[in-house]
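Participant:
There are 2 protein chains.
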Amino acid sequence: MGSRTTRQRRAVLRALATCTDFVAAQDLYARLVADAHSIGLTTVYRALRELEAEGGVDVIREDDGGRLYRLRPADGHRHYLICRCCGRSRPVDSEVVEDWAARIATDTGFAAVEHTVELTGLCTDCHLTGDEQGEPPCRLEPDSRDRRSSYAR
Amino acid sequence: MGSRTTRQRRAVLRALATCTDFVAAQDLYARLVADAHSIGLTTVYRALRELEAEGGVDVIREDDGGRLYRLRPADGHRHYLICRCCGRSRPVDSEVVEDWAARIATDTGFAAVEHTVELTGLCTDCHLTGDEQGEPPCRLEPDSRDRRSSYAR
DNA sequence: TTGTTTGCAAAAAGTTTGCATAATC
DNA sequence: GATTATGCAAACTTTTTGCAAACAA
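Shown next, in the form of structure tokens:
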């Protein structure tokens with residue numbers, strides 16, 4: 404009934420540790436394959452889902468419903484500010500929000516309250532380059548479609 | 404170049420106003436059809452996407468990437484606490500979060516910062532009924548799959 | 001040995017698009 | 001009359017599942 408340590412799971416974890424930012428399952432798979440690993444896409448999906456379930460990764464959602472994963476820091480989950488333009492993310496201080504969520508939980512009587520918080524914007528780099536409308540001014544799609552397309556199945 | 408008022412768009416808006424909670428595009432479509440309206444699913448999707456773009460609706464995302472829509476109150480956008488069990492939602496006071504997001508925006512220099520905030524939990528009703536593990540204890544799926552299934556295409 | 005994990009191919013689901021027709025302004 | 005909206009069917013994308021073979025313990 405226990406969980407087993409396999410070559411593939413180790414590889415996924417190591418690849419995830421290598422990433423400096425959020426990655427899509429497909430990207431991670433592509434990286435692994437490009438890195439001469441032998442692994443199936445299904446396995447990558449399963450590994451990420453398991454990691455998500457046990458809280459090993461932070462997850463953000465793309466507009467189209469896709470998921471992006473990032474290894475969670477040892478000191479607990481974090482929230483991020485993501486550039487809609489270049490896709491880069493940075494963790495933000497979210498104590499306030501954590502407290503707020505906890506307060507809501509007690510105030511409402513809801514149990515097992517969980518929260519999803521995402522911030523998006525245009526980083527200064529992208530902001531300087533493109534127009535300021537808030538919609539894709541730069542070289543990359545707002546969601547990471549570009550990063551992914553080069554590895555289309 | 405302007406947007407036109409059509410029978411279908413009016414119907415979507417009216418149906419949305421009728422809903423007391425978040426609905427999926429497919430559900431809204433099913434309701435409209437059941438209500439003897441003549442409308443296409445595509446049109447519903449388009450209408451909702453337009454409403455979303457112009458800020459007429461609040462949107463939450465399901466685990467599977469689906470979207471649920473709810474007419475936005477006249478006094479601006481809101482955030483919600485959603486029961487993972489029965490799917491019902493209630494608006495929560497989120498001034499704290501709004502302020503926090505604004506602060507992050509100025510602190511980081513990011514432009515056009517937007518935020519997504521969702522709270523989920525188990526409402527007291529559901530909590531009393533099922534076990535307390537935080538996973539689907541009740542009669543309904545944690546995401547609204549049940550509400551939708553009865554109208555499957 | 002025994003129960004897990006893998007991975008391929010196929011399925012699934014929700015949403016979007018092509019395009020001819022219909023309706024609005 | 002010009003432009004915009006509609007709606008059907010087909011396409012698309014990402015993720016999940018069935019199942020036999022491979023593998024860890």
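Residue numbers (our numbering), protein chains in the order written: chain A, 404 to 556; chain B, 404 to 556.
We treat Cβ as the ideally placed atom computed from N, Cα and C, and that holds for glycine.
Write down every uninterrupted run of the alpha helix (DSSP H) in the segment 472-534 of chain B whose length is 4 residues or greater and which is fully enclosed by it, in chain order.
Facilitator: Listed in chain order, they are 498-511 and 527-532.
Participant: Consider the Cβ of A:Val499: report whether some Cβ of chain B lies at a distance smaller than 9 Å.
Facilitator: A:Val499 counts as touching chain B.
Participant: I need the DSSP call for B:Ala428, collapsed to helix, strand or coil.
Facilitator: Helix, per DSSP.
Participant: Quick one: is B:Phe513 near chain A, going by C-beta distance under 9 Å?
Facilitator: For B:Phe513, the answer is yes, since a Cβ of chain A falls inside 9 Å of its Cβ.
Participant: Whose CA, out of B:Gln429, B:Gly524 and B:Val520, lies closest to the CA of A:Thr523?
Facilitator: When only C-alpha atoms are compared, the closest one is B:Val520.
Participant: Applying the 10 Å Cβ sphere with the 16-neighbour rule, what's the burial state of B:Gly490?
Facilitator: Classification for B:Gly490: buried.
Participant: Which whole-angstrom value is the C-beta distance of A:Tyr483 and A:Arg475, which I expect to be below 8 Å?
Facilitator: About 11 Å; that fails the 8 Å criterion.
Participant: Does the beta carbon of A:Val426 sit closer than 9 Å to a beta carbon anywhere in chain B?
Facilitator: Chain B contact via Cβ: absent.
Participant: Counting Cβ pairs, one atom from each stretch, are 3 or more of them under 8 Å apart for the segment 446-456 of chain A and the segment 410-422 of chain A?
Facilitator: Touching, per the Cβ criterion.
Participant: If you reduce the DSSP assignment to three classes, tell me which class B:Arg407 lands in.
Facilitator: Reduced to three states, the DSSP call for B:Arg407 is coil.
Participant: Measuring CB to CB, does B:Ala427 end up less than 9 Å from B:Gly469?
Facilitator: In contact: B:Ala427 and B:Gly469 (Cβ atoms closer than 9 Å).
Participant: Hey, A:Arg473 and A:Phe513: beta-carbon distance below 9 Å or not?
Facilitator: Contact: no.
Participant: Which partner residues does B:Val436 have in the DSSP bridge list?
Facilitator: DSSP, once it has assigned bridges, lists no residue as partnering B:Val436.
Participant: Can the beta-carbon of B:Leu435 be found closer than 9 Å to that of B:Val415?
Facilitator: In this structure, B:Val415 lies closer than 9 Å to B:Leu435 by Cβ.
Participant: Kindly say whether A:Arg487, judged by its beta-carbon, lies nearer than 9 Å to any beta-carbon of chain B.
Facilitator: Yes, its Cβ sits closer than 9 Å to a Cβ of chain B.
Participant: With a threshold of 9 Å between beta carbons, is B:Ala508 in contact with chain A?
Facilitator: By this cut-off, B:Ala508 is an interface position.
Participant: Buried or exposed for B:Glu465, please, with buried defined as at least 16 other CB atoms from any protein chain shown within 10 angstroms of its CB.
Facilitator: By the neighbour-count rule (16 or more Cβ atoms within 10 Å), B:Glu465 is buried.
Participant: Terminal residues of the continuous beta strand (DSSP E) containing A:Ile463?
Facilitator: That run of the beta strand (DSSP E) goes Val460 to Arg464.
Participant: Can you grab the Cα-Cα spacing for the pair A:Val447 / A:Gly479, in whole Å?
Facilitator: Between A:Val447 and A:Gly479, the C-alpha separation is close to 23 Å.
Participant: Can you tell me where the alpha helix (DSSP H) with B:Thr445 in it begins and where it stops?
Facilitator: Note, B:Thr445: alpha helix (DSSP H), Leu444 to Ala456.
Participant: For A:Arg470, which beta-bridge partners are listed by DSSP?
Facilitator: A:Arg464.
Participant: Have a look at B:Asp528, B:Glu498 and B:Val500 and flag the residue whose alpha-carbon is nearest the alpha-carbon of B:Arg487.
Facilitator: The residue with the shortest Cα to Cα distance from B:Arg487 is B:Asp528.
Participant: So B:Val499 and A:Trp503 are in contact, right, with Cβ under 8 Å, and what is the actual spacing, rounded?
Facilitator: Sure, about 5 Å apart at Cβ, within 8 Å.
Participant: So with CB distances below 8 Å, who are the chain A contacts of B:Thr532?
Facilitator: The contacting residues do not exist; B:Thr532 stays about 11 Å from chain A at best.
Participant: Starting from the C-beta of B:Ile507, find all residues in its chain whose C-beta is less than 8 Å away, skip the five residues before and the five after it, and write them out in chain order.
Facilitator: Taken in chain order, the residues that qualify are Phe513 and Val516.
Participant: Decide if B:Arg413 is buried, meaning its Cβ has at least 16 other Cβ atoms within 10 Å, or exposed.
Facilitator: Per the 10 Å Cβ criterion, exposed.
Participant: Of all the CB atoms in chain B, is at least one closer than 9 Å to the CB of A:Thr527?
Facilitator: Output row for A:Thr527: interface = yes.
Participant: Against A:Ala450, what residues of chain B qualify as contacts under a CB-to-CB distance less than 7 Å, listed in chain order?
Facilitator: Residues of chain B passing the Cβ test: none, with the nearest at roughly 18 Å.
Participant: Run down chain B in chain order and give the residues with a C-beta less than 9 Å from the C-beta of A:Arg464.
Facilitator: The answer, in chain order, is Arg464, Gly468 and Thr519.
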